[in-house]
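From first to last, the protein sequence lines stand for chains A and B.
The first sequence begins at 1 in full-length UniProt numbering and counts up one residue at a time.
The second sequence begins at 1 in full-length UniProt numbering and counts up one residue at a time.
Number of protein chains: 2
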Amino acid sequence: MDERSLHRLIGTIIAPERLEDDCAVIPCGDRLMVASTDMLHETTDFPAGMTDWQAGWMATAVTLSDIASMGAAPGQVLLAVGLDKPERLRGIMEGARDCCTAFGAELVGGDLDAHRELTIVSTGLGTVAPERLVRRRGARPGDVIAVTGPLGEAQAALNGYDRHRKELLEPQPRVKEGLGLGRAGVSAMMDISDGLALSLHDLLAVNDCGFSIDTGRLPLPAGVPEDEGRELALYGGGDFELLFCAPPGILPVPGVEAHVIGRVIVERTILADGKPLDRRGYLHEW
Amino acid sequence: MDERSLHRLIGTIIAPERLEDDCAVIPCGDRLMVASTDMLHETTDFPAGMTDWQAGWMATAVTLSDIASMGAAPGQVLLAVGLDKPERLRGIMEGARDCCTAFGAELVGGDLDAHRELTIVSTGLGTVAPERLVRRRGARPGDVIAVTGPLGEAQAALNGYDRHRKELLEPQPRVKEGLGLGRAGVSAMMDISDGLALSLHDLLAVNDCGFSIDTGRLPLPAGVPEDEGRELALYGGGDFELLFCAPPGILPVPGVEAHVIGRVIVERTILADGKPLDRRGYLHEW
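1) I want to see whether chain B comes within less than 7 Å of A/R18, judged by CB atoms only; does it?
2) 7 Å is my cut-off, CB to CB: does A/A80 come that close to chain B?
3) Do A/G262 and A/I213 count as a contact pair if the criterion is CB distance below 7 Å?
4) Which chain B residues sit within Cβ distance under 9 Å of A/D239?
5) At a Cβ cut of 9 Å, what residues of the region 193-207 of chain A count as close to chain B, listed as they run along the chain?
6) Would you say B/L133 faces chain A, with C-beta separation under 7 Å as the test?
7) Taking only the alpha-carbon atoms, compute the straight-line gap between B/H259 and B/V144 and give it to the nearest angstrom.
8) Suppose you measure from the CA of B/S69 to the CA of B/R136; what does that come to, to the nearest Å?
9) In terms of alpha-carbon separation, which member of B/D66, B/D2, B/K166 lies closest to B/T51?
10) Checking 7 Å against the spacing of the C-beta atoms, do B/R8 and B/T127 come in under that value?
11) What is the DSSP secondary structure of B/Q155, counted as helix, strand or coil?
12) Should B/T101 be labelled buried (16 or more other beta-carbon atoms within 10 Å of its own) or exposed?
13) Use the C-beta contact count for B/S5: other C-beta atoms within 10 angstroms, 16 or more gives buried, fewer gives exposed.
14) For B/G237, which residues of its own chain have a beta-carbon under 8 Å away from its beta-carbon, when the five flanking residues on both sides are left out?
15) Excluding the 5 residues preceding and the 5 following B/I265 in the sequence, name in chain order all residues of the same chain whose CB lies nearer than 8 Å to its CB.
16) Would you kindly work out how many angstroms separate the C-alpha atoms of B/R217 and A/R18, rounded to a whole number?
17) Step through the CB atoms of chain B and report whether any lies within less than 7 Å of the CB of A/L118.
18) Helix, strand or coil for A/D162 per DSSP?
19) Would A/D84 be called buried (16 or more neighbouring beta carbons within 10 Å of its own) or exposed?
20) Would you verify that the beta carbon of A/A24 is, or is not, closer than 7 Å to some beta carbon of chain B?
21) For A/D66, collect the residues of the same chain with a Cβ closer than 6 Å to its Cβ; drop the 5 residues on either side in sequence, then sort them by chain order.
22) In chain B, what lies closer than 8 Å to A/Q76 by C-beta?
23) Tell me, which residues are paired with A/M190 by DSSP?
24) In this structure, does DSSP put B/T43 in helix, strand or coil?
25) Round the Cβ separation of A/T44 and A/A96 to the nearest angstrom and send it over; I've been treating them as touching at under 8 Å.
26) Taking all protein chains shown into account, do 16 or more other C-beta atoms lie within 10 angstroms of the C-beta of B/R116, making it buried, or fewer, making it exposed?
27) On the three-state DSSP scale, how would you describe A/I250?
28) Quick one: using the 10 Å Cβ neighbour count with 16 as the cut-off for buried, is B/G223 buried or exposed?
29) Would you say A/G149 and A/V77 are within 7 Å of each other, going by their C-beta atoms?
30) What does a CB cutoff of less than 6 Å around A/T63 pick up in its chain, not counting 5 residues either side in sequence?
31) So, at 6 Å on beta carbons, what are the nonlocal neighbours of A/R234 in its own chain, with the 5 sequence-adjacent residues on each side left out?
32) On the DSSP letters alone, give me the boundaries of the beta strand (DSSP E) that B/I213 sits inside.
33) B/M50 versus chain A: which residues are under 7 Å apart at the beta carbon?
34) Please classify A/D2: does DSSP put it in a helix, a strand, or coil?
35) Could you give the C-beta distance for B/V134 and B/L181, rounded to a whole number, given that I count them as a contact under 8 Å?
36) Taking only beta carbons into account, state which residues of the region 92-115 of chain A come closer than 7 Å to chain B, listed in chain order.
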């Protein structure tokens, strides 16, 4: 059984439309609050050689990326830490604080627990004007499909391409880009944490249209042979770029790197170079 | 090293006043939002014999209790679940949803992860009018000290008093009570998750006064010999009652059970029957 099968089960227990986006959306005065929670733990999420500071940074970056993908501005982060060794706490908290500071958020609290395996759950809150909120649903045939930067870099580092270690260990959530794209009026957006192919399938699940990409246009990780790079860009996990759809006239958006990789189509399918694209990538398995 | 020593370390990394309360406080239009996150896991938090439904209920109750302790109304809950076995998910989610429904909150999302040991992190959001927010800081000499119900019941169940199993396994957060006490204008409040003695020491740490209780006035768990009951009421963990201070004229508050157990004093100390009260109770240890 994989994560997405379990998500379907959850859709029978809580309102399914609540599960469509990277964040929950909550009324907050005349603005909207978005909220996201993410669990990471040592075995599956923290690569060998990662420092405690980097673990704290990454746990925070993951939730800030979710906030960015809604077009929202990050506000507060809470961190629940299941600590295996107390001496790790300082590095983790400093990494989380520094990531918050770098992206305009504040670390405001959390919880501590003793745990056999280091486990960090970050919860992020952000705000956005209602007209600037971007959801996964909203793509329209004729829109371009684009991403904010090279794909597959984190997976490239895991495959031994050390020049990409920094992207793997100290990921940069696309906060400025998410805000710019929300302001510009993109039609649908999400972050690509489990690989481009799975993300496109996630968009397919909530939109009444399809997505056709041209793998020749994918921004690939530097220094990796092209065939391997394309595989990593399609199916590698750990990227923090945003994937979005937009009416063609909107691009370029000032200050936002955007690589057009395809087009939204009427037929409800995912095509890569005209052929169906596998639904595979990074999934938790039990 | 224990949890509270690590909290002091955290106070050197993030604003210490952020750590004083059960929830973080965040501006939200003309109201305030409160946010709390709590990590529970099988070994230390879920008693033997607890069902998955009860684990989901308890994880949710813990965060709703934090919200109640600020005088706020619960709004939304996010649940991050580190699952050891996929077949446990349905029960956990249904327990969380049912606890939300019972107390006027909505389960709006979360995250799923595969984990060796069942780990649940609940994050709760609530709102409150600024003038009704209650913090741990605010007690004044002359205030009465009170609790909303019997103490030590959860620990009594762990000690084998089966009549208290329901209080242990299906705790009831004091949401209605917290709202009523916030409206009435109590001066300081928190929930008693780690025992009365530790909670009083937590109040001492953030107030410029002291706390004197009369152990003869403690509401004890039914069916437990008095000496043991008093020990459980002072030092047992797992209770979900609220501890608060209030000007004497405020009580009784309509619809809120309140047991006066002592009085706020000028001297910065904790006294039980006139003698210093140990700072002990439930603490995570590494």
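Ideal Cβ placement from N, Cα and C applies to all residues, glycine included.
Let me spell this out:
1) For A/R18, the answer is yes, since a Cβ of chain B falls inside 7 Å of its Cβ.
2) By the rule that beta-carbons nearer than 7 Å mark a contact, A/A80 touches chain B.
3) For the 7 Å CB-CB criterion, A/I213 and A/G262 form a contact.
4) Per Cβ cutoff of 9 Å: no residues; A/D239 is ~18 Å from chain B at best.
5) Within the region 193-207 of chain A, no residue qualifies.
6) So no, B/L133 is outside the interface.
7) C-alpha of B/H259 to C-alpha of B/V144: approximately 10 Å in a straight line.
8) The C-alpha of B/R136 is placed about 9 Å away from the C-alpha of B/S69.
9) Nearest neighbour of B/T51 by Cα position, chosen from B/D66, B/D2, B/K166, turns out to be B/K166.
10) Remark: C-beta atoms of B/R8 and B/T127 do not approach each other more closely than 7 Å.
11) Helix at B/Q155.
12) Exposed, because fewer than 16 other Cβ atoms sit within 10 Å of the Cβ of B/T101.
13) In summary, B/S5 is exposed, with fewer than 16 beta-carbon neighbours lying within 10 Å of its beta-carbon over all protein chains present.
14) In its chain, beyond the 5 residues on either side, A154, Q155, S193, D194, G195, G281, Y282 have a beta carbon closer than 8 Å to the beta carbon of B/G237.
15) Non-local C-beta neighbours of B/I265 in its own chain, meaning closer than 8 Å and more than five positions away in sequence, comprise P141, C209, G210, F211, S212, L271, ordered along the chain.
16) Distance between the alpha carbons of B/R217 and A/R18 is about 47 Å.
17) Under the 7 Å criterion on CB atoms, A/L118 is classed as non-interfacial with respect to chain B.
18) Helix, per DSSP.
19) Classification for A/D84: exposed.
20) Chain B contact via Cβ: present.
21) Excluding five sequence positions before and after A/D66, the CB atoms of its chain that fall closer than 6 Å to its own CB belong to D22, C23, S36, given in chain order.
22) A24, I26, A35, listed in chain order.
23) Beta-bridge analysis with DSSP links A/M190 to A/L243.
24) DSSP places B/T43 in helix when its eight states are reduced to three.
25) Incorrect: roughly 19 Å between the Cβ atoms, too far for contact.
26) By the neighbour-count criterion, in which 16 or more other beta carbons inside 10 Å mark a residue as buried, B/R116 falls on the exposed side.
27) In this structure, A/I250 counts as helix in the three-state DSSP scheme.
28) It is exposed - the Cβ of B/G223 has fewer than 16 other Cβ atoms within 10 Å.
29) In this structure, A/V77 does not lie closer than 7 Å to A/G149 by Cβ.
30) So the list reads S36, D38, S122, G124, once near-sequence residues are dropped.
31) Looking at the sequence shown, residue 234 of chain A is not Arg but Leu. Closer than 6 Å at Cβ, skipping near neighbours: L196, A197.
32) Per DSSP, B/I213 belongs to the beta strand (DSSP E) from 210-213.
33) Simply none; closest approach about 17 Å.
34) In this structure, A/D2 counts as strand in the three-state DSSP scheme.
35) Between B/L181 and B/V134 the Cβ distance is about 7 Å, and since that is below 8 Å, they are a contact.
36) Here the close residues are M93, E94, R97, L107, V108, G109, G110, D111, L112, D113, A114, H115.
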